[in-house]
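Residue numbers (the UniProt record's numbering), protein chains in the order written: chain A, 1 to 273; chain B, 1 to 273.
Just so you know, even glycine gets a beta-carbon here, dropped at the ideal spot from N, CA and C.
Below is one structure, written out as structure tokens; the observations come after it.
Structure (structure tokens):
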């Protein structure tokens, strides 16, 4: 496995080959969720590239940029064992300069849900993803469905900017207790983790209602709020796959999204129906 | 010559070939300045693509979006005669959808000079150019040096987003009376055009001072202001090629830029030393 930190060196290295390239961009502290992305990339492409970069521009002031979990040695091992061909490990200086051209998230879809609780976050995400996609020029790029809005916005950007890459969504991986895997789960105390289980529980309850043909989103959200209480709820939304608000669940075209604060930790989860 | 308006059709058409592609993006109403770009592209590449698109997002409210000169038939003829292989002729609906991801010009370099007199203009330029470059995926893209700040910002965007294209600057083409060619020159009355000649005259005076080793930018700007008077001057600036303000001309690393309003018409010009 090659480890490269210079973007131009990575571009050169990949240019020489005509093979299919699968790309998994991450912020490191790799867990089974990331491994699922890497495995999928490994199955579907001749070359697998993983990037590890804690991207400063997607953290707002006061957020956890400095505390974000770093497990470089474990990450390198995981990548090697997963058959990754190239690990891209840039610094902020490699990726950014001063007074740059920026990407700005869409006025509406970039500022609802996660974009409302973290205004400006998605502009930072889209900016680093655009750069990474241009550096790697992958055939396919893999993103977890846990960050559903992120996935949707990246797809939009790729479409609106006529980019040549297939964005592949990969299902959420859950811990044995049902909690969606996230690098930020390490911030939770034991008691907080117990409380956090209300999140998958609320989504499970929603899917049960739907299986009983109760499709009214007001009722579904009420039930979820009841289960999540007394956690601090940032949003519970029922949307179609274009991320528009709907009043009635449409099977095959619905996403239910939740964001909750447990202690100081922001936790996201969703189901796609 | 093929004429295509659908971006995806153009992408498909160009993907089939392995040849070098030279791209000249324009807003139509082609003049000798554009023809110089096309000729250069024709010399240096196997396939030449020209786009004609009056890009709405780079016009501010109150500007001349609706009046912008349109000469579609003449433009097609010029392209055919110049050996263009593909003419890309999209509509705004082909290029834009609602609530899009946007490009934002750099906070400083995007909002000085032209960016101060037309705030937001460069965000629109960079947005359409990013789209066009991704649709065409050219080997080389050609831009006139008359829009020097535009050229500089596009170069920055290509560099900062690791894009695979060579940006080729092409010298300003002047009319026989010295006025830099621009599609907007058609707005000028005969008298206004006479007045406009002060612009190249001021730049010529600047270059004479420099040839006499008078390199103090304060003196140079004073001289230029005197010549341009009483025209409405938006800016006269002496910068290095990184577009930073300098106090002393550096031969080989200087650009002198002028913007003046004649009647209601915005005219730009510059010299590179």
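Partner residues on chain B for residue i, Cβ-Cβ distance less than 8 Å
i, result
"residue 156(A)", "100 and 101"
"residue 130(A)", "161"
Cutoff 8 Å: residue i Cβ touching any chain A Cβ
i, result
"residue 241(B)", "no"
"residue 14(B)", "no"
"residue 108(B)", "yes"
"residue 19(B)", "no"
Cα-Cα separation between residue i and residue j, rounded to whole angstroms
i, j, result
"residue 205(B)", "residue 241(B)", "20 Å"
"residue 93(A)", "residue 136(A)", "18 Å"
"residue 274(B)", "residue 102(A)", "No answer is possible for residue 274(B): the residues shown for chain B start at 1 and end at 273."
"residue 84(B)", "residue 25(B)", "12 Å"
"residue 195(B)", "residue 76(B)", "32 Å"
"residue 39(B)", "residue 8(B)", "26 Å"
"residue 14(B)", "residue 78(B)", "22 Å"
"residue 131(A)", "residue 30(A)", "21 Å"
"residue 96(B)", "residue 180(A)", "36 Å"
"residue 61(A)", "residue 67(A)", "13 Å"
"residue 127(A)", "residue 162(B)", "12 Å"
"residue 192(A)", "residue 155(A)", "33 Å"
"residue 212(A)", "residue 164(B)", "53 Å"
"residue 17(B)", "residue 91(A)", "37 Å"
"residue 187(B)", "residue 64(B)", "10 Å"
"residue 69(A)", "residue 183(A)", "7 Å"
"residue 221(B)", "residue 175(B)", "24 Å"
"residue 58(B)", "residue 113(B)", "15 Å"
"residue 88(B)", "residue 171(B)", "24 Å"
"residue 227(A)", "residue 119(B)", "49 Å"
"residue 55(B)", "residue 28(B)", "10 Å"
"residue 100(A)", "residue 105(B)", "8 Å"
"residue 32(B)", "residue 50(B)", "14 Å"
"residue 138(B)", "residue 52(B)", "16 Å"
"residue 238(A)", "residue 214(A)", "13 Å"
Contact set between residue i and chain B, taken where Cβ atoms lie within less than 7 Å
i, result
"residue 134(A)", "161, 162 and 163"
Beta-carbon neighbours of residue i, restricted to chain A and to distances below 7 Å
i, result
"residue 105(B)", "101"
"residue 11(B)", "162"
Under 8 Å by beta carbon: chain A residues contacting residue i
i, result
"residue 126(B)", "101"
Cβ shell of residue i (< 6 Å), same chain only, five flanking positions each side left out
i, result
"residue 166(B)", "140"
"residue 115(A)", "122"
"residue 224(B)", "202, 206 and 236"
"residue 233(B)", "260"
"residue 129(A)", "154"
7 Å Cβ shell around residue i - same chain, five flanking residues per side excluded
i, result
"residue 151(A)", "143, 145 and 169"
"residue 148(A)", "255, 257 and 270"
"residue 251(B)", "273"
"residue 46(A)", "19 and 20"
"residue 247(A)", "217"
"residue 82(A)", "35, 38, 39 and 42"
"residue 274(A)", "The question about residue 274(A) has no answer here: the residues shown for chain A are numbered 1 through 273."
"residue 12(A)", "none"
8 Å Cβ cutoff, residue i in contact with chain B
i, result
"residue 169(A)", "no"
"residue 138(A)", "no"
"residue 1(A)", "no"
Beta-carbon neighbours of residue i, restricted to chain A and to distances below 9 Å
i, result
"residue 7(B)", "162"
Own chain, CB closer than 8 Å to residue i, minus 5 neighbours either side, in chain order
i, result
"residue 189(B)", "263"
"residue 219(A)", "209"
"residue 117(B)", "234, 235, 259 and 266"
"residue 44(B)", "20, 22, 140 and 168"
Exercise. Would you list, in chain order, the members of the segment 78–99 of chain A that have their beta-carbon closer than 9 Å to a beta-carbon of chain B?
Key: Per Cβ criterion, the list reads 96, 97, 98 and 99.
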